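Here the sequence shown stands for residues 296 to 1063, where the numbers follow the numbering used here. Ideal placement from N, C-alpha and C gives every residue a C-beta, glycine not left out. Computed from a predicted model, the values in this text were never measured in an experiment.
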Amino acid sequence: MVFISAKILQEKLCQLFLLVSLLSTLILICGASRATPKADLATGDYLVGVGSYDMTGPAADVNMMGYANMGQVASGIHFRLRARTLIVAQGFEGPRIAFVNLDAGMASQLVTIKVLERLKTRYGNVYTQDNVAISGTHTHSAPGGYLQYLLYVLASMGFSPQCFDAMENAIEESIVQAHNTLAPASLLINKGDVENAGINRSPSAYLFNPAQERAKYPQDVDPEMTLLKLVDQKTGAPLGAFSWFATHGTSMTKENKLISGDNKGAAARFFEDWFTTHEGPSPTSPSPNPGEVFFFLSESNESIAAIKATGGEACNNETSRQYRVRKSQKFVGAFCQSNVGDVSPNVLGTICIDSGTPCDFNHSSCNGNNLLCVGRGPGYPDEISSTKIIGERQFQKAVDLFTTAKDQISGKVDYRHVYVNFTNIAVELESQEVVNTCPAALGPGFAAGTTDGGGIEGFQQGDTKISEKWRRTRDSLHKPSQSQIDCHKPKAILLDVGEMFEPYQWAPAILPIQILRIGQLVILAVPGELTTMAGRRIREAVKDTLVNQGKGEFDENTHVLIAGLANTYSQYITTFEEYQQQRYEAASTLFGPHTLSAYIQEFNKLAASMAIGENIGNEGPSPPDLSSVELILVKPPTGDRKPSNVNFGDVKKDVGSDNVKRGQIVSATFWSGNPRNDLLTEGTFAAVEMLSSDQKTWVPAYDDDDFSLIFKWSLENTTDSGLATIQWEIPQTAALGVYRLRHFGSAKSLTASSLEYFTGTSSSFKVS
């Protein structure tokens, strides 16, 4: 028998206690980092992460993507653009999907390729072409030059590495944020109609659809918004909301030269700010509370005027970030695009601007002139007002759906993806007739443009003939074969882009077809713009396939929605019937009259695979990477000159009054460098500062991500010097007090390769 003293026993027990504690700690650490329990799909719990990152890009010299208007060159910022990401996973080791919503015209195949390469370097095979979807809001006021096919960069003076890099970086950073914030959460879904935020801009084509089919729907657009609410499981705090609704990003017109997220970007800004005000913590640098009045107001205007402009001062490349009002955006509100092809936000309809009479119904022209028929937004002729109103209508419906959401999502996370060459797909129709798609081509209705933004004079929507002049021009580029002409009928071929490869490929051929699933929510990532009826058909077809082949896993409560302009861009997709009239959307349907039928067939293959739980097997042909052959025609930044007696950041034209009212506009102009020198990503070119009540501190109140503050850049005619103008329309909610305008910028040094960073302020003024 062995005897142990009490002291030794106590020591042994202490050692055992320490060992147990150490093991417990290790288990907790490992559990936190690796062994988080899998989501309980029966109760609708998932791992959810959200992210958001600045992708504004160059605010000067670069053409915008959407209107193909070579005169629409960026010259400032209306408000900043962002990439917003949602990741949903079944535990850290289970399947996951990542959905990225871009304040951009559309996704780009080359951007998608390069982002996936970056993600593979970071995460291995966690994020791939199969489970990552990238969708654009379709704003027509974002920088272009980031798509890889020649047709889509012609108006942008070729490829723009700066635009491409800004987008690629923002997508990656937003995904990284979402990945790093993955935590148990619940998802709620809600639906409702957005009133008066979209009308059909090709109503005559819509009427070509069968009357029996049209009778199923009360409108010739889809007014329904679908919203996904994300709620932290532990705290009950909302993490964000992603919504899908169809309306074009054309509230800002083709004459606009300010970078803008248009109505969907505006809705996102309003929603995120609303949440901060009503649901979440205050911003890091909040605007002063409305109605707060500082004692300064009782003093004379002379004391206000005594605070003069500071003049240009040196700073660094990080300084402007300190002046951002929204330093941390934990709640992410994304407004995503859907089957938008024929839906316009210009809800007052069209008018002939020369006569005030209605436009021709079938052609949307005025006595044969397509440029005189113009769509009008609700704030017409003020495009910013129209953008705000259509954005507010989406935002207000999102708030309503967000606050009343009750239906919880539950079930598997799943995905399917395949690449398909659309140039010659054999499609079996319901009649069992087999037809084929065609190599891509554009018709004359494409050149006519739309009522949201006219194209080339001399063309009309609905044209099925080409003048001899344009026929010769077409043939000088590439003459289509007779089989190609026959394949596209009744479209006349204006540009045979699918068979044009000089100096490199003009249009896409290999397209991604992708389905993402989160429980009973199924997202179809479509690389183009489906018209209203085309979207309805593909949603119904996919839902029928899932329900009929899913052995009870899918039912009438399955929600199928379309995320348009996703992963790459292949223009429009109309119904076969709409194709016959050859309005803009049909003339822009690249792969011929059976394009929609091909999409339905290919999506149904993925849906059937998902329904029975089988993999695709063949991923299809890979799309090209054309990065090595892109044409870069954008010139280096100019405008970094200034008069010898001034500094960068000095005021050229000061604010015009010491005393202003809410609703008035205050502006100041500064000597500045080209904003392409440094994009000030996650920073700001412009700020409004408010003087604190102790008269010692200036507090950032607004920045160039605010709807009320506009940053403009231009060249002075006489000296080619750069000028930055800050324009603030004082909101009715602005606090009364003393303010000033501040500008940040950078310029190329004449004596060194480095950039010179600077800041300067205007004189102060009183809002009373």
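When Cβ pairs closer than 8 Å are counted between the two stretches, the segment 463-472 is seen to touch the segment 346-357, the count reaching three or more. Residue environment: residue 447 is assigned as buried (16 or more neighbouring CB atoms within 10 Å of its CB, all protein chains considered). Excluding five sequence positions before and after residue 922, the CB atoms of its chain that fall closer than 8 Å to its own CB belong to 405, 409, 443, given in chain order. DSSP places residue 1012 outside any beta strand (DSSP E), giving it a letter other than H or E. DSSP, read as helix, strand or coil, puts residue 851 in coil. Taking a 10 Å sphere around the C-beta of residue 611, we find fewer than 16 other C-beta atoms and assign the residue as exposed. By the criterion of at least three beta-carbon pairs nearer than 8 Å, the segment 997-1009 is in contact with the segment 1022-1042. Note that the C-beta distance between residue 736 and residue 788 is below 8 Å.
Counting only runs of 3+ residues, the beta strand (DSSP E) found wholly inside the segment 359-402 occupies 368-372, 377-384, 391-397, in chain order. Taken through DSSP and simplified to helix, strand or coil, residue 728 comes out as coil. Between the alpha carbons of residue 494 and residue 771 lies a distance of about 39 Å. For residue 956, the CB contacts under 8 Å within the same chain, skipping 5 residues up- and downstream, are 1025, 1062, 1063 in chain order. By the CB criterion at 8 Å, residue 872 and residue 826 fall outside the cutoff. Rounded to whole angstroms, the Cβ separation of residue 887 and residue 733 is 4 Å, and the two are in contact under 8 Å. By the CB criterion at 8 Å, residue 1008 and residue 400 fall outside the cutoff. Here residue 546 has 557, 558, 640, 672, 678, 681, 682, 685 as same chain residues with Cβ atoms under 7 Å from its own Cβ, once five neighbours each way along the sequence are excluded.
With respect to the C-alpha of residue 979, the residue from 614, 992, 797 having the closest C-alpha is 614. With a contact defined as Cβ atoms closer than 8 Å, residue 1040 and residue 934 miss out at about 10 Å. The secondary-structure analysis by DSSP pairs residue 1008 across a beta bridge with 1019. Within the same chain, Cβ atoms closer than 7 Å to the Cβ of residue 948 are found at 963, 964, the five residues on either side in sequence being excluded. Looking at the DSSP output, residue 911 sits in no beta bridge, so it has no partner there.
The three-state secondary structure of residue 646, taken from DSSP, is strand. In summary, residue 794 is buried, with 16 or more beta-carbon neighbours lying within 10 Å of its beta-carbon over all protein chains present. Here the alpha carbon of residue 1010 sits roughly 28 Å from the alpha carbon of residue 995. Cβ-Cβ separation between residue 819 and residue 858: approximately 7 Å, consistent with a contact (criterion under 8 Å). Approximately 13 Å separates the beta-carbon atoms of residue 784 and residue 882; this is outside 8 Å, ruling out the contact. Separation of residue 431 and residue 388 (C-alpha to C-alpha, rounded to the nearest whole angstrom) is 29 Å. Per DSSP, residue 500 is one residue of the alpha helix (DSSP H) stretching across 498-501. A straight line joining the alpha-carbon of residue 554 with that of residue 436 spans about 5 Å. Beta bridge pairing from DSSP links residue 668 with 647. DSSP, read as helix, strand or coil, puts residue 937 in coil.
Rounded to the nearest angstrom, the Cβ distance from residue 961 to residue 1023 is 5 Å, consistent with a contact under 8 Å. Residue 750 and residue 526 have their C-alpha atoms some 45 Å from each other. Only exposed fits residue 846, as fewer than 16 other CB atoms lie within 10 angstroms of its CB. Taken through DSSP and simplified to helix, strand or coil, residue 459 comes out as helix.
Residue 831 and residue 1052 have their C-alpha atoms spaced approximately 52 Å apart.
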